[in-house]
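Chains V and H, in that order, are what the protein sequence lines are. Take 1 as the starting number for the first sequence in our numbering and just add one per residue. Take 61 as the starting number for the second sequence in our numbering and just add one per residue. Below is one structure, written out as structure tokens; the observations come after it.
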Amino acid sequence: MEKDLGEREGVGGSGRDPVEVARAYGVDLGLLVANLKLTTTERLRLLDAMVSFAQRVRHV
Amino acid sequence: MFEKIIAALVAAGVRFVVVGGVAGVAHGSVRLTNDIDICYDAAADNVRALAALLAEWDAYLRGVDPGLPFAMDERALRTTPTMTLTTRMGNIDVLDSVAGVGSYAEVSAASEPCVVGDTQFRVLSLPALITAKRAAGRPKDLAHLIELEALAKLKTQT
Numbered sequence: 001m002e003k004d005l006g007e008r009e010g011v012g013g014s015g016r017d018p019v020e021v022a023r024a025y026g027v028d029l030g031l032l033v034a035n036l037k038l039t040t041t042e043r044l045r046l047l048d049a050m051v052s053f054a055q056r057v058r059h060v
Numbered sequence: 061m062f063e064k065i066i067a068a069l070v071a072a073g074v075r076f077v078v079v080g081g082v083a084g085v086a087h088g089s090v091r092l093t094n095d096i097d098i099c100y101d102a103a104a105d106n107v108r109a110l111a112a113l114l115a116e117w118d119a120y121l122r123g124v125d126p127g128l129p130f131a132m133d134e135r136a137l138r139t140t141p142t143m144t145l146t147t148r149m150g151n152i153d154v155l156d157s158v159a160g161v162g163s164y165a166e167v168s169a170a171s172e173p174c175v176v177g178d179t180q181f182r183v184l185s186l187p188a189l190i191t192a193k194r195a196a197g198r199p200k201d202l203a204h205l206i207e208l209e210a211l212a213k214l215k216t217q218t
């Protein structure tokens with residue numbers, strides 16, 4: 001039987017609106033909305049680029 | 061890095077599901093992660109294929125001093141089915157189950173197809189990823205959980 005996963009909204013299933021919870025927590029919702037417009041390939045390649053940058057950047 | 065790892069796993073015929081932070085990114089998370097977590101099928105043929113690939117990448121236990129007599133092979137994966145590894149392809153965490161979701165069979169059932177470039181693979185669904193984060197219950201997961209739950213709601217609105 002398929003599991004019923006994550007059906008309740010809010011942190012830990014509290015029932016609070018998760019978008020409002022995130023906004024109150026300081027999550028940049030604009031970034032999330034912009035990211036949702038990308039394809040999976042674009043998102044994963046962006047992550048690859050960020051990791052690559054983080055690995056190569058150095059203080060001088 | 062992650063795209064190459066995923067493509068190589070698929071090319072080697074390894075049965076796996078991407079879970080964790082990279083799965084979150086596939087679903088729209090903006091959180092940076094520098095390791096990829098995969099849940100693999102613990103069947104003998106799959107463990108053999110995964111171990112061979114990890115050995116080819118010089119996999120070694122992450123955070124452990126170099127020089128220990130560690131051999132990345134089928135036996136290592138069978139005796140320690142969950143390992144955090146560093147490889148020359150990047151950091152990889154391999155797991156045979158996911159807290160809150162279950163074994164590979166259950167993880168696979170709770171996964172969905174995904175594509176990067178020309179490579180199709182499976183990624184843990186957003187609801188299952190949320191369940192896993194809740195089950196892990198670590199303080200560090202709270203911020204990620206908040207973001208994932210917001211993403212799930214935003215996806216219903218877009």
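Here a beta-carbon is modelled for each residue, glycine too, at the ideal position from N, C-alpha and C. Every value quoted in this text rests on a predicted model; they were computed, and no experiment measured them.
For residue i, write down the residues that DSSP places opposite it in a beta bridge.
i, result
"Thr144 of chain H", "H:Asp153"
"Tyr100 of chain H", "H:Phe76"
"Val158 of chain H", "H:Gly162"
"Leu121 of chain H", "H:Leu145"
"Asp95 of chain H", "H:Asn151"
Residues in its own chain within less than 8 Å of residue i by CB, not counting five upstream and five downstream?
i, result
"Val51 of chain V", "none"
"Gly177 of chain H", "Glu63, Ala67"
"Gln217 of chain H", "none"
"Val60 of chain V", "none"
"Leu128 of chain H", "Leu121"
Going by beta carbon distance, what residues of the same chain come within less than 6 Å of residue i, once the five residues before and after it are set aside?
i, result
"Ala139 of chain H", "Here residue 139 of chain H turns out to be Thr, not Ala, going by the sequence shown. Once the five neighbours on either side are set aside, Thr139 of chain H has no close Cβ partner at all."
"Met149 of chain H", "Ile65, Trp117"
"Asp17 of chain V", "none"
"Ala119 of chain H", "Met132, Leu145, Thr147"
"Leu44 of chain V", "none"
Between residue i and residue j, how many whole angstroms is the CB-CB distance? I'm expecting something under 8 Å.
i, j, result
"Ala136 of chain H", "Ala111 of chain H", "7 Å"
"Thr40 of chain V", "Ala86 of chain H", "5 Å"
"Cys99 of chain H", "Leu155 of chain H", "5 Å"
"Val167 of chain H", "Thr191 of chain H", "Their Cβ separation, rounded to whole angstroms, is 11 Å, which puts Val167 of chain H and Thr191 of chain H out of contact at 8 Å."
"Thr147 of chain H", "Leu184 of chain H", "Actually they do not touch by this definition, with Cβ atoms about 21 Å apart."
"Gly88 of chain H", "Leu47 of chain V", "Contact flag wrong, Cβ pair sits at about 11 Å."
"Leu236 of chain H", "Leu38 of chain V", "A query on residue 236 of chain H cannot be resolved here, the shown segment of chain H reaching from 61 to 218 and no further."
"His204 of chain H", "Gly73 of chain H", "Between Gly73 of chain H and His204 of chain H the Cβ distance is about 31 Å, and since that is not below 8 Å, they are no contact."
"Ala49 of chain V", "Asn94 of chain H", "About 13 Å; that fails the 8 Å criterion."
When DSSP labels each residue in this structure, what does residue i get in the three-state scheme?
i, result
"Asp28 of chain V", "coil"
"Gly6 of chain V", "Reliability fails at Gly6 of chain V, whose pLDDT of 42 lies under 50, so the model's placement of it is uncertain and the value that follows must be treated cautiously. Note: Gly6 of chain V maps to coil in three-state DSSP."
"Asp133 of chain H", "coil"
"His204 of chain H", "helix"
"Asp17 of chain V", "coil"
"Ala64 of chain H", "Contrary to the premise, residue 64 of chain H reads as Lys rather than Ala in this sequence. DSSP places Lys64 of chain H in helix when its eight states are reduced to three."
"Arg138 of chain H", "helix"
"Val89 of chain H", "Looking at the sequence provided, one finds Ser at residue 89 of chain H rather than Val. In the structure shown, Ser89 of chain H sits in coil (DSSP, three-state: anything other than H, G, I, E or B)."
"Arg56 of chain V", "helix"
"Gly127 of chain H", "coil"
"Thr41 of chain V", "helix"
"Arg198 of chain H", "coil"
Near residue i, which residues of its chain fall below 7 Å by C-beta distance, leaving aside the five closest residues on each side in sequence?
i, result
"Glu134 of chain H", "Val107, Arg108, Ala111"
"Thr179 of chain H", "Ile66, Ala67, Val70"
"Arg122 of chain H", "Thr144, Leu145, Thr146, Asn151"
"Phe181 of chain H", "Ile66, Val70, Val78, Cys174"
"Leu211 of chain H", "His87, Gly88, Ser89, Leu186"
"Ser171 of chain H", "Val77, Arg182, Val183, Leu184, Ser185"
inquiry  = Which runs of the beta strand (DSSP E) at least 3 residues long sit entirely within the segment 164-193 of chain H? Give them in chain order.
reply    = Complete beta strand (DSSP E) runs here, min 3: 171-176, 179-184.
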